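A.B. asks: In case it helps, the working numbering puts the sequence shown at residues 1139 to 1403.
Quick reminder that beta carbons are idealized off the backbone N, C-alpha and C, glycines included.
From a predicted model like this one, the values you see are computed outputs, not experimental measurements.
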Amino acid sequence: MDLQLHGKTAFVSGSTQGIGFAIAQSLLKEGANVIINGRSESKLAEAVQRLQESAASGASVSGVAADFSKADEVNALLAKLPDIDILVNNAGIFEPKAFTDISDEEWFRFFEVNVLSGVRLARHFFPKMIAKDWGRIIFISSESGVNIPEEMIHYGTTKTAQLAVSRGLAELTKGTNVTVNTVMPGPTKSEGVADFVKQLGEANNMSAEQAEKDFFKNARPTSLLQRFASVEEIANLVTYVASPLSSGTNGSALKVDGGVAKFII
Ligand code: NAD
């Protein structure tokens, strides 16, 4: 299947590792020009170099650093970015923490990185996409946005907020060729999650392998996959949604969660 992504330009936030990196890689393989992002210049340069090997003929990759917890860095990023066709709001943070230990500052930080990152980028690019009558905005939320994890309620809340922003924005696309959708991954083996499982294991005196088994047995018992998804499995769906071929899908929340969320639609 030709996903018709040659010549399109995409920006993927938080893409030096994990799901964002896999999305950038997949878009590049399909011929899109991709701009990646992370906080550190050195990590960004290293990721750009690794991604160059994946680029289809004619596709290019570059990077712009910005920390989404800092509004001035986001403004500087927006000033540097060219016109884009595809915006993937992937940057996100997560950390298990007891509800009573989550301070106001942490609530605000989670909202700034997980929600306002996408809001600020979409506020800049959405009108431009409407003006040229083509665009794709994809929010990377989580099944945790509908199954709020008791061990990180702040995280789940930000993921629900992304669903609301995405659907609200999609309402403004009526009659155009711009689409706004959300992809909801389930437990996925990114670098961030490997650290998370290690932390869970350490807290419970288990090896990372035992902690993974325990996680599916006790924390995510409804998983049909009964394993972490690979980052590539998430990127496959995102790449399709980014493609002109997905024109019939708008205002949707699409699960790629291995069946964890136990509802049909
Ligand atoms: P990860 O921690 O492996 O990677 C996160 C990326 O975001 C990194 O490139 C990091 O540099 C970047 N980042 C973090 N904070 C940033 C900031 N302040 N400014 C700029 N960049 C920043 O994470 P991941 O597991 O690949 O998660 C990516 C997205 O997928 C997140 O939005 C996450 O909520 C979502 N998600 C992940 C899972 C999972 O199980 N891995 C499940 C559901 C949803």
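1. Return the CA-CA distance between T1360 and G1176, expressed in angstroms with no decimal places.
2. Apply the 10 Å Cβ neighbour rule to N1228 and answer buried if 16 or more other Cβ atoms are within range, or exposed otherwise.
3. With DSSP as the reference, label M1267 as helix, strand or coil.
4. Tell me which same chain residues have a C-beta within less than 7 Å of the C-beta of S1381, skipping the five on either side of it?
5. What whole-angstrom Cβ distance do S1207 and E1250 have, given they're in contact under 8 Å?
6. Report the partner residues of L1259 according to the DSSP bridge assignment.
7. For the ligand NAD, is there a heavy atom less than 7 Å away from the beta-carbon of R1358?
8. Please return the same chain residues whose Cβ sits closer than 6 Å to the Cβ of A1148, not counting the five positions on each side in sequence.
9. Along the beta strand (DSSP E) that carries V1394, what are the first and last residues, could you check?
10. Identify, in the order they occur along the chain, each residue of the same chain with its Cβ nearer than 8 Å to the Cβ of T1377, setting aside the five sequence neighbours on each side.
11. Assuming contact is defined by CB atoms lying nearer than 8 Å, are V1285 and A1399 in contact in what I supplied?
12. Kindly indicate which three-state DSSP category A1197 falls into: helix, strand or coil?
13. Quick check: L1363 and A1349, are their CB atoms within less than 8 Å of each other?
14. Could you give the residue range of the alpha helix (DSSP H) that holds L1216?
15. Excluding five sequence neighbours on each side, which residues of the same chain lie with their C-beta closer than 6 Å to the C-beta of W1272?
16. Measuring alpha carbon to alpha carbon, tell me which residue in I1240, V1303, T1317, S1384 is nearest K1266.
17. Give, in chain order, every unbroken run of the beta strand (DSSP E) that is at least 3 residues long and sits entirely within the region 1286-1355.
18. Would V1253 and V1303 qualify as a contact pair, given that the criterion is a beta-carbon distance under 8 Å?
19. My understanding is that I1222 touches V1199, with C-beta atoms under 8 Å, so please give their C-beta distance in whole angstroms.
20. Can you give me the start and stop residues for the alpha helix (DSSP H) that V1398 sits inside?
21. Using only the heavy atoms of the ligand NAD, determine whether one of them is closer than 7 Å to the beta carbon of E1329.
C.D. replies: Well, looking at it:
1. Answer to the nearest angstrom: the Cα atoms are 33 Å apart.
2. Buried: at least 16 other Cβ atoms inside 10 Å.
3. It is helical.
4. Cβ neighbours of S1381 beyond the five flanking positions: L1141, Q1142, L1143.
5. Confirmed, Cβ separation roughly 5 Å.
6. Paired residues: none, contrary to the question.
7. R1358: no, Cβ never under 7 Å from the ligand NAD.
8. If the five residues before and after A1148 are omitted, its C-beta is found closer than 6 Å to the C-beta atoms of L1165, A1170, V1172, I1224, all from its own chain and listed in chain order.
9. Going by DSSP, V1394 is part of the beta strand (DSSP E) stretching over 1391-1394.
10. Closer than 8 Å at Cβ, skipping near neighbours: L1141, L1143, I1161, S1164, L1165, E1168.
11. Checking the displayed sequence, the identity of residue 1285 turns out to be Asn instead of Val. Yes; because the gap between Cβ atoms is below 8 Å, this pair is in contact.
12. A1197: coil per DSSP, three-state reduction.
13. Result no, Cβ atoms of L1363 and A1349 do not sit closer than 8 Å.
14. Judged by DSSP secondary structure, L1216 falls within the alpha helix (DSSP H) whose first and last residues are 1209-1218.
15. Same-chain partners within the cutoff: N1315.
16. Out of I1240, V1303, T1317, S1384, T1317 has the C-alpha closest to the C-alpha of K1266.
17. Fully enclosed beta strand (DSSP E) runs of 3 or longer: 1316-1323.
18. Yes.
19. Taking 8 Å as the upper bound for CB-CB distance, I1222 and V1199 are not in contact here, some 14 Å apart.
20. No residue range can be given for V1398, since it is assigned to no alpha helix (DSSP H) and is classified by DSSP as neither H nor E.
21. Yes, the beta carbon of E1329 sits closer than 7 Å to at least one heavy atom of the ligand NAD.
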